[in-house]
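See structure below.
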Amino acid sequence: MFSIQKFVDRKLQQDGMPVVMGVLNVTPDSFSDGGRFVFPKAVEARVIELQAGGVDIIDVGGESTRPGAIRVPLSEELERVIPVVEWIATRFDTIISIDTYKPEVMREAIAVGVKIVNDVNALCADGAMDVVVNSGVSVCLMHKKGAFETMQDSPVYDDVQFEVREFLLARAGCCERAGIATDKIILDPGFGFGKTLAHNKSLFQGLDALTALKYPILVGVSRKRMIAEILSSTSLHGRINGSAVAAVLAALKGVNIVRVHDVKETVSALKVMKSLM
Ligand code: 8Y4
Numbered sequence: 001m002f003s004i005q006k007f008v009d010r011k012l013q014q015d016g017m018p019v020v021m022g023v024l025n026v027t028p029d030s031f032s033d034g035g036r037f038v039f040p041k042a043v044e045a046r047v048i049e050l051q052a053g054g055v056d057i058i059d060v061g062g063e064s065t066r067p068g069a070i071r072v073p074l075s076e077e078l079e080r081v082i083p084v085v086e087w088i089a090t091r092f093d094t095i096i097s098i099d100t101y102k103p104e105v106m107r108e109a110i111a112v113g114v115k116i117v118n119d120v121n122a123l124c125a126d127g128a129m130d131v132v133v134n135s136g137v138s139v140c141l142m143h144k145k146g147a148f149e150t151m152q153d154s155p156v157y158d159d160v161q162f163e164v165r166e167f168l169l170a171r172a173g174c175c176e177r178a179g180i181a182t183d184k185i186i187l188d189p190g191f192g193f194g195k196t197l198a199h200n201k202s203l204f205q206g207l208d209a210l211t212a213l214k215y216p217i218l219v220g221v222s223r224k225r226m227i228a229e230i231l232s233s234t235s236l237h238g239r240i241n242g243s244a245v246a247a248v249l250a251a252l253k254g255v256n257i258v259r260v261h262d263v264k265e266t267v268s269a270l271k272v273m274k275s276l277m
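In this text, residue positions in the sequence shown follow the numbering used here: the first is 1, and each later residue adds one.
Structure follows, in structure tokens:
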């Protein structure tokens, strides 16, 4: 059975760099011209782009978890992501993760080939933990503060590094007691999820304390508002370059998995890092 710990260890040993998780958004607005969902052509093109860029894990998501995004009913999320997961799994041997917090979506996605559940809600939904325990897949537990709708309304922490680390270790402990193997748990500080730029900076600086733990660490900063805020620019070009720099810095801090939109650019940056460091 697939173990994310073994996967990241092998990647580091063979290529000297972290695992690259590429984002595959399956939402009508990301793949259509005016609301009409286009499959498989647009999805196929994106998967081929991710493959050509050197992706290790494809993260399939059908509901935007951005602050203020519209929630998607279960039936629609299933209709969006399950055919896509099945399609990728039958054509490529790339590891697939499913970005969802809904146990029903997890279960159906696992049935068609998903090996990692990427849950921004850290398996807190009723039944979510059971699905992962019973299927033996790996899981990414992410920290977020507050509910999706309100998490960016001036979040406050006493000590953001401490609070995030304690939350993640508590969730990992819960998962292990429920029967999830240690080598199948990924931790993620959740950049931008209930955090100001100052919180995100503090968490990034404190990444060493997370990578010293026994779990693989995943970082997702790609194209996020924190990058735009640092650059005082929302241009795509700036966000792509800024994100690649952040991925390299995360790798130098020992981060095992980077979740990115721009796989080709990230892999190039990591190759330069590996060669020169
Ligand atoms: C432009 C495009 C600007 C996308 C912002 C965004 C994480 C995650 C997301 C993360 C893990 C996003 C699903 C937010 N972020 N999963 N998911 N870690 N594990 N925003 O940081 O990409 S969605």
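Each residue gets a CB set at the ideal place from its N, CA and C atoms; glycine is no exception.
Which residues mark the beginning and the end of the alpha helix (DSSP H) in which Ile-110 is found? Unbroken alpha helix (DSSP H) run through Ile-110: 103-111.
Determine, for Ala-172, whether the minimum Cβ-Cβ distance to residues of chain D falls below 7 Å. Judged by its chain identifiers, the structure shown contains no chain D, having just a single protein chain.
Contact set for Leu-168: own chain, Cβ-Cβ below 7 Å, skip 5 residues either direction: Leu-141, His-143, Leu-187, listed in sequence order.
In chain order, which alpha helix (DSSP H) runs of at least 4 residues are fully inside the stretch 191-276? 197-205, 207-211, 225-231, 236-252, 263-276, all fully within the stretch 191-276.
In chain order, what residues of the same chain lie with their CB nearer than 6 Å to the CB of Gly-194, ignoring the 5 residues before and after it? For Gly-194, where only same-chain residues beyond five positions count, the Cβ hits under 6 Å are Lys-144, Lys-145, Gly-146, Met-151, Pro-155.
Grab me the residues of Ala-89's own chain with a C-beta within less than 7 Å of its C-beta, minus the 5 sequence neighbours each way, in chain order. Shown here for Ala-89: same chain residues with a beta carbon closer than 7 Å to its own, the five before and five after excluded, namely Ile-96, Val-112, Gly-113 in chain order.
Examine the ligand 8Y4 and report whether any of its heavy atoms sits within less than 6 Å of the Cβ of Met-273. No, Cβ of Met-273 sits at least 6 Å from all heavy atoms of the ligand 8Y4.
What is the residue span of the beta strand (DSSP E) that Leu-24 lies within? Counting along the chain, the beta strand (DSSP E) containing Leu-24 begins and ends at 19-25.
How is Gly-53 classed by DSSP in three states: helix, strand or coil? In this structure, DSSP gives Gly-53 a helical state, which the three-state scheme calls helix.
When the Cα of Gly-61 is compared with those of Lys-214, Gly-53, Leu-78, which residue comes out closest? Nearest C-alpha to Gly-61: Leu-78.
Cα separation between Gln-13 and Val-19? When rounded, the distance between both Cα atoms is 11 Å.
DSSP three-state call for Met-1: helix, strand or coil? Coil at Met-1, not helix or strand.
Please indicate yes or no: does the CB of Asn-256 lie closer than 6 Å to some heavy atom of the ligand 8Y4? Because no heavy atom of the ligand 8Y4 lies under 6 Å away, the Cβ of Asn-256 does not count as near it: no.
Say the cut is 6 Å; is the CB of Arg-259 nearer than that to a heavy atom of the ligand 8Y4? At least one heavy atom of the ligand 8Y4 falls within 6 Å of the beta-carbon of Arg-259.
Do Gly-54 and the ligand 8Y4 come close, with the Cβ less than 6 Å from some heavy atom? Result no, Cβ not under 6 Å from the ligand 8Y4.
Phe-191: CB within 6 Å of a non-hydrogen atom of the ligand 8Y4: Proximity of the beta carbon of Phe-191 to the ligand 8Y4 is indicated: a heavy atom of the ligand is located closer than 6 Å.
In whole angstroms, give me the CA-to-CA distance for Arg-223 and Ser-235. A direct Cα-to-Cα measurement between Arg-223 and Ser-235 gives close to 10 Å.
Rounded C-beta distance between Arg-165 and Ala-209? I'm assuming under 8 Å. So it is a contact: roughly 6 Å between Cβ atoms.
Inter-residue Cα distance where the pair is Pro-73 and Tyr-101: Going from the Cα of Pro-73 to the Cα of Tyr-101 covers about 12 Å.
Does Val-164 come out as helix, strand or coil in the three-state DSSP assignment? Three-state result, Val-164: helix.
Ignore the nearest five residues each way along the sequence and tell me which others in Met-273's own chain have a CB closer than 8 Å to its CB. Excluding sequence neighbours, Met-273 sits near Met-17, Val-248, Ala-251, Leu-252.
How many angstroms separate the CA atom of Val-267 from the CA atom of Val-8? Each residue's alpha carbon lies about 15 Å from the other.
On the DSSP letters alone, give me the boundaries of the beta strand (DSSP E) that Leu-123 sits inside. Boundaries cannot be given for Leu-123, as no beta strand (DSSP E) includes it and DSSP labels it neither H nor E.
Is Ser-154 helix, strand or coil when you go by DSSP? Reduced to three states, the DSSP call for Ser-154 is coil.
Is any non-hydrogen atom of the ligand 8Y4 found closer than 6 Å to the C-beta of Val-223, if you look at the structure I gave you? In the sequence on display, residue 223 carries Arg and not Val. When distances are taken from the beta-carbon of Arg-223 to the heavy atoms of the ligand 8Y4, the shortest one is below 6 Å.
From the DSSP secondary-structure annotation, give me the bridge partner or partners of Ser-64. Ser-64 pairs with nothing; no bridge assigned.
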